[in-house]
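Chemist: In terms of our numbering, the sequence shown opens at residue 1163 and continues consecutively. This is the structure I want to talk about, given as structure tokens.
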Amino acid sequence: MTTTTTWTTTRGPLAQAASMTARSLVSVRNQPAQLIDFLMIPMMILLSITFFMGGQMMGTWQAFLDYAGPTLIAMGLFFAIVSTGLGLFADLKTGVFDRLTAMPVSRFALLAGRVAADMVKHLWALLIVGGVAFAIGYRADGGAVGVAATALVVVLFLSACSWSMVLVGLTAKSEEQIQTWMVSLLMPLAYTSTMFVEIETLPGPVQWWARVNPLTALADTMRVLLADEAPGSETLALLGWCAAILAVFVPLSLRAYRRRLTS
């Protein structure tokens, strides 16, 4: 006599996503090098650009650190979102998701859990590299409240952008394709924003693009919060970009995942 086991659950997608987040974070105990991967890019960008280019751009590296230190950290973390795509690709390649999809788990929860776990790692890197910036002389007029608010908007923006890497991880044929995505899209976005340059120094046509660049909205919001000023249009633009990115890439990622399961 053959018996059939039917898996059921009463937990909602958010609770399932929290479980998937915890599962992803458990792997850090066995592979602590994951934390180094998230840390090294923002650390190298902060220190190398500040000390080797800052004086040339703004007279002294200390003046450059005051203007661009926090946004350089955010730019490094933005580059590090490629780890989300690489991690998801590795899970799919090793069959981890094949086992999970045999259980009554929301498809959204599986993907959101990966993103949320990576946000915890981004936050850890943000705290460590932010501490280094403080150690070499950066100070925020907004105090602890301004720093906390800035960290919140950075993590919010990274979580939205990470869904683009979820889609890449689901559709890429190799790790090299995912790395190419960073070079061809993430880096041009960062270097055509006001992350570490003043918009008035850019050529006219480039200024137009820099003003609508989502990373400019992030940089301007960070500077407002860290300067203890009231958020304005730059913050609304940032929230609008986050909503737009999620509205595009979450459905596309879920669709790509369903296609992968049926292929």
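Don't be surprised by glycine CBs; every beta carbon is placed ideally from N, CA and C. These numbers were taken from a predicted model, which means no experiment stands behind them.
Grouping DSSP H, G and I as helix and E and B as strand, with all else coil, what is residue 1356?
Modeler: Residue numbering aside, residue 1356 sits at position 194 when the sequence shown is read from its first letter. DSSP places residue 1356 in coil when its eight states are reduced to three.
Chemist: What distance in whole Å lies between the Cβ atoms of residue 1291 and residue 1205, which are believed to be in contact at a cut-off of 8 Å?
Modeler: Against the sequence shown, residue 1205 aligns to sequence position 43. Against the sequence shown, residue 1291 aligns to sequence position 129. Correct: roughly 5 Å between the Cβ atoms.
Chemist: Taking the alpha helix (DSSP H) that residue 1412 belongs to, which residues open and close that run?
Modeler: Start at 1 with the first residue of the sequence shown, and residue 1412 comes out as number 250. Note, residue 1412: alpha helix (DSSP H), 1395-1424.
Chemist: In its own chain, which residues sit with a C-beta less than 6 Å from the C-beta of residue 1347, not counting the 5 before and 5 after it?
Modeler: Mapped onto the sequence shown, residue 1347 falls at position 185. Counting only Cβ-Cβ distances below 6 Å, and skipping sequence neighbours, we find nothing.
Chemist: Give the straight-line distance between the Cα atoms of residue 1375 and residue 1250, rounded to the nearest whole angstrom.
Modeler: Stepping through the sequence shown from its first residue, residue 1375 is reached at position 213. Stepping through the sequence shown from its first residue, residue 1250 is reached at position 88. In a straight line, the C-alpha of residue 1375 is about 27 Å away from that of residue 1250.
Chemist: Can you confirm whether the region 1177-1190 touches the region 1271-1280 when touching is taken to mean that 3 or more C-beta pairs between the two stretches lie within less than 8 Å?
Modeler: Flag = yes, the region 1271-1280 and the region 1177-1190 touch.
Chemist: Among residues of its own chain, excluding the 5 on either side of residue 1137, which ones have a beta-carbon nearer than 8 Å to its beta-carbon?
Modeler: The structure shown does not extend to residue 1137, since the chain spans only 1163 to 1425, so no value can be given for it.
Chemist: What's the C-alpha gap between residue 1329 and residue 1343?
Modeler: For the purposes of this step, residue 1329 is taken as the residue at position 167 of the sequence shown. For the purposes of this step, residue 1343 is taken as the residue at position 181 of the sequence shown. Each residue's Cα considered, the two are about 11 Å apart.
Chemist: Can you give the Cα-Cα distance for residue 1232 and residue 1359, rounded to whole angstroms?
Modeler: In the sequence shown, the residue the question calls residue 1232 occupies position 70. In the sequence shown, the residue the question calls residue 1359 occupies position 197. So the alpha carbons of these two residues sit roughly 13 Å apart.
Chemist: Since residue 1287 contacts residue 1411 with CB under 8 Å, what's their CB separation in whole angstroms?
Modeler: Numbered from 1 along the sequence shown, position 125 holds the residue referred to as residue 1287. Numbered from 1 along the sequence shown, position 249 holds the residue referred to as residue 1411. In fact, because the Cβ distance is near 22 Å, the residues do not count as touching under 8 Å.
Chemist: Per DSSP, what kind of secondary structure is residue 1362 in: helix, strand or coil?
Modeler: Indexing the sequence shown from 1 puts residue 1362 at position 200. Correct three-state label for residue 1362: helix.
Chemist: Hey, quick one: how far does the alpha helix (DSSP H) through residue 1328 stretch, first residue to last?
Modeler: In the sequence shown, the residue the question calls residue 1328 occupies position 166. Start and end: 1305-1333.
Chemist: Is it true that the CB of residue 1390 sits closer than 8 Å to the CB of residue 1303?
Modeler: Position 141 of the sequence shown, counting from 1, holds the residue named residue 1303. Position 228 of the sequence shown, counting from 1, holds the residue named residue 1390. A contact, by the Cβ cut-off of 8 Å.
Chemist: If we ignore side chains and look at the alpha-carbon of each, how far apart do residue 1306 and residue 1256 end up?
Modeler: The residue labelled residue 1306 in the question sits at position 144 within the sequence shown. The residue labelled residue 1256 in the question sits at position 94 within the sequence shown. Distance between the alpha carbons of residue 1306 and residue 1256 is about 43 Å.
Chemist: Counting Cβ pairs closer than 8 Å, one from the region 1397-1413 and one from the region 1314-1333, do we hit at least three?
Modeler: They touch, by the three-pair rule.
Chemist: At 4 residues or longer, what runs of the alpha helix (DSSP H) sit wholly inside the region 1210-1252?
Modeler: Complete alpha helix (DSSP H) runs here, min 4: 1223-1241.
Chemist: Who are the Cβ neighbours of residue 1245 in its own chain at under 7 Å, not counting the five residues just before and after it?
Modeler: Taking the first residue of the sequence shown as 1, we reach residue 1245 at position 83. Cβ neighbours of residue 1245 beyond the five flanking positions: 1199, 1200, 1280.
Chemist: Starting from the C-beta of residue 1238, find all residues in its chain whose C-beta is less than 6 Å away, skip the five residues before and the five after it, and write them out in chain order.
Modeler: Here residue 1238 refers to the residue found at position 76 when the sequence shown is read from its first residue. Correct list, in chain order: 1203, 1204, 1207.
Chemist: Give me the Cβ distance between residue 1361 and residue 1372, rounded to the nearest whole Å; I'm assuming they're in contact under 8 Å.
Modeler: Position 199 of the sequence shown, counting from 1, holds the residue named residue 1361. Position 210 of the sequence shown, counting from 1, holds the residue named residue 1372. Indeed, because the Cβ distance is near 5 Å, the residues count as touching under 8 Å.
Chemist: Does the separation of the CB atoms of residue 1377 and residue 1352 fall below 8 Å?
Modeler: Position 215 of the sequence shown, counted from the start, is the residue given in the question as residue 1377. Position 190 of the sequence shown, counted from the start, is the residue given in the question as residue 1352. Taking 8 Å as the Cβ cut-off, residue 1377 and residue 1352 qualify as a contacting pair.
Chemist: Looking only at C-alpha atoms, which of 1299, 1274, 1297 sits nearest to residue 1177?
Modeler: Numbered from 1 along the sequence shown, position 15 holds the residue referred to as residue 1177. Among 1299, 1274, 1297, the Cα nearest to that of residue 1177 belongs to 1274.
Chemist: Go ahead and label residue 1240 buried or exposed: buried means 16 or more other beta carbons lie within 10 angstroms of its beta carbon, across all protein chains shown.
Modeler: Counting from one through the sequence shown, the residue named residue 1240 turns up at place 78. Buried, because 16 or more other Cβ atoms sit within 10 Å of the Cβ of residue 1240.
Chemist: Applying the criterion that 16 or more other CB atoms from any shown protein chain within 10 Å of the CB defines a buried residue, is residue 1349 buried or exposed?
Modeler: Here residue 1349 corresponds to residue number 187 of the sequence shown, with the count starting at 1. Counting Cβ neighbours within 10 Å, residue 1349 comes out exposed, since fewer than 16 surround it.
Chemist: Using the beta-carbon count (16 or more within 10 Å), is residue 1299 buried or exposed?
Modeler: Along the sequence shown, read from residue 1 onward, the residue named residue 1299 stands at position 137. Exposed is the call here.
Chemist: For residue 1301 and residue 1215, what's the separation of their Cα atoms in angstroms?
Modeler: Position 139 of the sequence shown, counting from 1, holds the residue named residue 1301. Position 53 of the sequence shown, counting from 1, holds the residue named residue 1215. If I take the Cα positions, the gap works out to 20 Å.
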